[in-house]
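Residue numbers (this note's numbering): -1 to 485.
In this text, a Cβ means the ideal position worked out from N, Cα and C, and glycines have one as well.
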RNA sequence: GGUCCUGUGGCCGAGUGGCUAGGCUCAGCUCUGCAAAAGCUGCUACAGCGGUUCGAAUCCGCUCGGGACCUCCA
């Protein structure tokens, strides 16, 4: 197996990936909170981890990829007060909380399918794992690192810090963290400023509630991931991922919960993907600058000049390394769309390439460079640069400007299958098959008419056909072998 | 306020102490009835000021700008 290097947030270094129990690998990614539509920023994270999942699979790992659905436990507003997000949304839309969950879970999966992400091995829900969460909370209390007050259970961060490094994931000391925290409110019942809720007491109007040793209530946000990752991947597993915004709070607390519960570090490699920005500012629900994937596909948004196909958007995202911020703009999308089309056109060209007896190119070198790029912390920017080398070679060979043997052509096909389709997860946009066939026949007819016009030097007619086809979104090109077209 | 990240050509984006990705755009050329496509060529950049070095966009310091986290967020 190739040696793969992964940037580990825990150590702030690239480290060689050593699976605990190869060829198996465990991957846990914090999934969406399904109380509203996922925006494009959310999608970026899941596309990034889809790439990581795909590459691990490609390298031969048997990956168990767990991505949770948060369908309870998230609180609206500040601190551990306020309504459950689902309950609030449910009131707003006059639906049951579980209707909200269903609606946005289905929407999320649809979008993920559009982006051609592979479904995770397991998609556990928070509400489906209340027992496991309660058990963990009980254990943490037993170990003296959590306490109950009035039906709420809190994690005792300062006490935990005596034995463990609470801020290790963000490289921060407890004192620094305490300084950055707000003053405790007068009514706050927590002992320490940094303490966070493991279990929250239900109010009289709370709909989503479960019985617990501390009375009716619901779990805190962080405990679900600890409980579910442990259940499906074990006490310590290989990779845990999520957006960078989860690093300081959510993931920091996950480590603390696991350590406090069973005294093991839960994760060997922490991976964090960077944010999608709009005009340099992070896209987020609260900032109101979110794009919905649907708006992007249709172009129905004030900042967009046109719609973009899901695969063009996926390609756009993969052109940037996952740990860099990616700025969203019309121009950048258009550039990516064209690049993506060129990449896919070359694949079509490749299918009809004629082999020469000798070769002037070293395709194997490109292939090994592709692996090098991916093995260096999933560097898709560089991978794509190498793939465009292949594109240039394919097009030049098609122009007869250089020679490829059949072995070269076969290797190029492998390169496309491995990296463009399997690893990057790109695919040609395919429409309705019956329509495609019908369109093909119509186009054959049109081009025949135009060809006759050209033979008869009736360029006025031939140009008129071409211009009107372009207006209809169909581009044609005349070559020595005949005329081809594409939508 | 604290902690941290970042500033690359017209745009988007990689990057290693020396060999200066890639995509898009623009201009020219080849091909072509004209286009389109493709190929080739050109536009050759690293915020500013100092320092280390034979040599720095890459290391160090300062200045300026942008951002993230510290509060729900992928």
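(message) For residue 268, report the span of its beta strand (DSSP E) as first-last.
(response) 265 to 271
(message) What does the alpha-carbon distance come out to for the pair residue 3 and residue 373?
(response) 6 Å
(request) Taking 8 Å as the threshold, find out whether the stretch 40 to 56 comes into contact with the stretch 263 to 275 through three or more Cβ pairs. (result) yes
(request) Give the range of the alpha helix (DSSP H) segment to which residue 412 is assigned. (result) 404 to 413
(message) The beta strand (DSSP E) that contains residue 474, what's its start and end?
(response) 473 to 477
(request) Report, in whole angstroms, the separation of the C-beta atoms of residue 224 and residue 235, which I expect to be a contact under 8 Å. (result) Going by Cβ atoms, the distance from residue 224 to residue 235 rounds to 12 Å, so no, they are not a contact pair.
(message) Along the chain, where does the alpha helix (DSSP H) containing residue 389 start, and where does it finish?
(response) 378 to 396
(request) Output yes or no for whether 9 Å exceeds the beta carbon distance between residue 149 and residue 89. (result) no
(message) Rounded to the nearest angstrom, what separates residue 474 and residue 389 at their Cα positions?
(response) 20 Å
(message) Once DSSP output is grouped into helix, strand and coil, what is the label at residue 217?
(response) strand
(request) Report yes if the C-beta distance between residue 306 and residue 335 is below 9 Å; otherwise report no. (result) yes
(message) Considering only the alpha carbon of each residue, which of 15, 9, 53 and 115 lies closest to residue 311?
(response) 115
(request) List in chain order: all unbroken beta strand (DSSP E) runs of 3+ residues lying wholly within the stretch 433 to 476. (result) none
(message) On the CB-based measure, 16 or more other CB atoms within 10 Å of its CB, does residue 289 come out buried or exposed?
(response) buried
(request) Report the three-state DSSP secondary structure of residue 102 (helix, strand or coil). (result) helix
(request) Could you tell me whether the stretch 105 to 115 touches the stretch 208 to 222, using the rule of 3 or more Cβ pairs below 8 Å? (result) no
(message) Contact defined as beta carbons within less than 8 Å: I believe residue 118 pairs with residue 64. What is the distance between those atoms, to the nearest angstrom?
(response) 6 Å
(message) Quick check on residue 130: does DSSP put it in helix, strand or coil?
(response) helix
(message) For residue 259 and residue 137, I'd like the C-alpha separation in whole angstroms.
(response) 6 Å
(request) State the beta-bridge partners of residue 480 as determined by DSSP. (result) 477
(request) Please state if the CB of residue 51 and the CB of residue 25 are separated by a distance shorter than 9 Å. (result) yes
(message) For residue 255, count the other beta carbons within 10 Å of its own beta carbon; 16 or more makes it buried, fewer makes it exposed. Which is it?
(response) buried
(request) Can you tell me which of 47, 38 and 27 puts its alpha carbon nearest to the alpha carbon of residue 67? (result) 27
(message) Quick check on residue 127: buried or exposed, where buried means 16 or more other Cβ atoms within 10 Å of its Cβ?
(response) buried
(message) Give me the DSSP bridge partner(s) of residue 63.
(response) 25
(message) According to DSSP, simplified to helix, strand and coil, what is residue 164?
(response) coil
(message) Classify residue 443: buried if its beta carbon has 16 or more other beta carbons within 10 angstroms, exposed otherwise.
(response) exposed
(request) Give me the Cα-Cα distance between residue 154 and residue 29, rounded to the nearest whole angstrom. (result) 26 Å
(message) My output table needs one value for residue 68: the three-state DSSP class, helix, strand or coil.
(response) strand
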